[in-house]
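When you line the sequence shown up against our numbering, it's residues 79 to 458, in that order.
C-beta atoms are modelled at their ideal positions from N, C-alpha and C, and glycine is treated no differently.
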Amino acid sequence: MVVPVSVLYLLHRFSFGGTERVVANILNHSSQNINNHVCSFYPYENAFLKDVDVSKKKVFSLDKHDGNDFSIPRKIASFCKENRVDIIHSMGWSTYAEGLIAAKAIGRKQKFVYSYRGKTMEDTIQIPKRRILAQRLFSHFCDAILTNSGVSREEYASDIGIAPQKINVIYNGVDTHVFTPCQDGSSGDTRTRFGIRKTDTVIGAVARFDPVKGIKNLVKAFSMLSPAVRENCKLLLVGDGDEKESIQKMSSQLGIQDQVILTGMRKDIPDCLRMMDIYVQPSLFENISNSVLEAMAAGLPVISTHVGGIQEILDHNRSGLIVELGNHQSMTEALDFLINDVKQRKSMGEQARRNVTDFFSIEKMVLDYETIYRQILSKH
Numbered sequence: 079m080v081v082p083v084s085v086l087y088l089l090h091r092f093s094f095g096g097t098e099r100v101v102a103n104i105l106n107h108s109s110q111n112i113n114n115h116v117c118s119f120y121p122y123e124n125a126f127l128k129d130v131d132v133s134k135k136k137v138f139s140l141d142k143h144d145g146n147d148f149s150i151p152r153k154i155a156s157f158c159k160e161n162r163v164d165i166i167h168s169m170g171w172s173t174y175a176e177g178l179i180a181a182k183a184i185g186r187k188q189k190f191v192y193s194y195r196g197k198t199m200e201d202t203i204q205i206p207k208r209r210i211l212a213q214r215l216f217s218h219f220c221d222a223i224l225t226n227s228g229v230s231r232e233e234y235a236s237d238i239g240i241a242p243q244k245i246n247v248i249y250n251g252v253d254t255h256v257f258t259p260c261q262d263g264s265s266g267d268t269r270t271r272f273g274i275r276k277t278d279t280v281i282g283a284v285a286r287f288d289p290v291k292g293i294k295n296l297v298k299a300f301s302m303l304s305p306a307v308r309e310n311c312k313l314l315l316v317g318d319g320d321e322k323e324s325i326q327k328m329s330s331q332l333g334i335q336d337q338v339i340l341t342g343m344r345k346d347i348p349d350c351l352r353m354m355d356i357y358v359q360p361s362l363f364e365n366i367s368n369s370v371l372e373a374m375a376a377g378l379p380v381i382s383t384h385v386g387g388i389q390e391i392l393d394h395n396r397s398g399l400i401v402e403l404g405n406h407q408s409m410t411e412a413l414d415f416l417i418n419d420v421k422q423r424k425s426m427g428e429q430a431r432r433n434v435t436d437f438f439s440i441e442k443m444v445l446d447y448e449t450i451y452r453q454i455l456s457k458h
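What follows is the structure, encoded as structure tokens:
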């Protein structure tokens, strides 16, 4: 008989983002004997929950005050006791301290897992020393520390000053039944809504419009294509964020505003991907990008900057192209190559789909998480 396991995931805010999508996928695909709960420190977005099966799960908000809110660990501990939670899983630095304090307050039997989910733009410049020291201390009290790539494991261990052997890697997974390649003509209606012609080559990206995502670098590289090539192309940017207005302004200054389409935040990401011919990930920093995996599952060739664990999922010259970070010219050349070689696009897209199906499925990701949980609980 398999003993049920109860897990509480701690999120800064249950909204649209890579970490949140990982948690949503876990909720939707977990085994029947895993009871999942999600705690959002700030009010969550109800729209995001429409794609989450919450029939047997609890999703709630702690309505955290800005700044330090010392009631949060107490609220977490209270929920865990009432619902017999076995494992508290903190998904990122912003929930680390509160989650660990709650776990230690409950007692020795309460297990605690920390997932390192990546860096902010500020962190790529310098991580505050007090945060490094805090995480080094916290690591001694974790039952497991997880990252989503081998590169991020080495990087986090080096940044914080702990042994890489203390960290487990679980790759993100993609629902290959939802993210599927475009069948001939199946994206026509969606393209029409955005004023895209059937003959246009669509270069796309799905991202939070934050400086670390490098969207402005993609806009710049796109503008450097020759006018003859660019006139039959569209740049489709799916997402929203603080940089939206400056991206629009930049497009106008470069004279490409008629070829750049900003869709805003959308829920129909699989349909948006099926409109695209080439996917670009221009990030300045990434661990393992959900968006890249989803694009690969959709059968798209991917152009990505050489950051984080991209080489762990993307085979250069087979499923896509990896370009030097900060080199607009190399990104432009990669775009020009794939725009003009339809056969190569098709071949790379097919290989990308095979890679995701074989190694980065949701089923494998969920199994890996559940295996870690049971290993933790089996330890005395």
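Item	Value
For I240, three-class secondary structure by DSSP	coil
Backbone CA spacing between V130 and N103 [nearest angstrom]	8 Å
Limits of the unbroken beta strand (DSSP E) element including T383	V380 to T383
For S425, the three-state DSSP class (helix, strand or coil)	helix
Under the three-state DSSP convention, the category F73 falls into	Residue numbering for the chain in the displayed model covers 79 to 458; residue 73 lies beyond these limits and cannot be assessed.
Cβ pair count under 8 Å reaching 3, the segment 386–395 against the segment 443–454	no
Continuous alpha helix (DSSP H) stretch holding I440: start and end	I440 to S456
C220: first and last residue of the uninterrupted beta strand (DSSP E) it sits in	Taken as a continuous stretch (DSSP letters only), C220 belongs to no beta strand (DSSP E), as it is neither H nor E.
Distance CB(V401)-CB(A412) smaller than 8 Å	yes
Helix, strand or coil at Y70 according to DSSP, with G and I counted as helix	Absent from the model: residue 70. The displayed extent of the chain is 79 to 458, so no value can be given.
Beta-ladder partner(s) of A312, from DSSP	It should be pointed out that residue 312 corresponds to Lys in this sequence rather than to Ala. Answer is V280.
C-beta atoms of D414 and L303 nearer than 8 Å	yes
The segment 87–99 in contact with the segment 234–249 per 3-pair CB rule at 8 Å	no
Own chain residues within Cβ distance below 6 Å of F272, not counting five before or after	I339
Among V101, C117, I388 and V252, nearest to D436 - alpha-carbon criterion	V252
Given L332 as reference, the closest of A299, V307 and V358 once Cα atoms are compared	A299
C-alpha gap between P289 and P82, whole angstroms	42 Å
DSSP state of L371 mapped onto helix, strand, coil	helix
DSSP three-state assignment for G398, whether helix, strand or coil	strand
Close-in-space but distant-in-sequence residues of the same chain around R423 (CB under 7 Å, 5 per side omitted)	D355, I356, P379 and L416
Helix, strand or coil at K159 [DSSP, three-state]	helix
Between the CA atoms of E428 and A376 - distance to the nearest angstrom	9 Å
Touch test, the segment 359–370 against the segment 384–391, Cβ-Cβ under 8 Å, three pairs minimum	yes
Beta carbon of C158 nearer than 8 Å to that of A175	no
CA nearest to the CA of L399, picked from I154, R432, V358 and R286	V358
Straight-line gap, M426 to S236 (C-alpha atoms, nearest Å)	34 Å
Proximity to G317 [Cα-Cα], best of I334, G282 and F119	G282
Three-way DSSP call (helix, strand, coil) for K187 in this model	coil
G273, DSSP secondary structure in three states	coil
Extent of the continuous alpha helix (DSSP H) run through F138	Looking at the DSSP string, F138 is not in any alpha helix (DSSP H); the run it does join, the beta strand (DSSP E), is K136 to S139.
Same chain only: Cβ atoms within 7 Å of G319, ignoring 5 sequence neighbours per side	R286, F287 and D288
Proximity winner among I293, C350, I223 and Y234, relative to G387 (alpha-carbon distances)	Y234
Member of K189, Y194, L105 and N161 whose CA lies at the smallest distance from the CA of L224	Y194
One or two residues paired with H115 in a DSSP bridge	L86 and K136
Beta carbon proximity, R344 to chain D, threshold 8 Å	Looking at the structure shown, chain D is missing, and only one protein chain is on hand.
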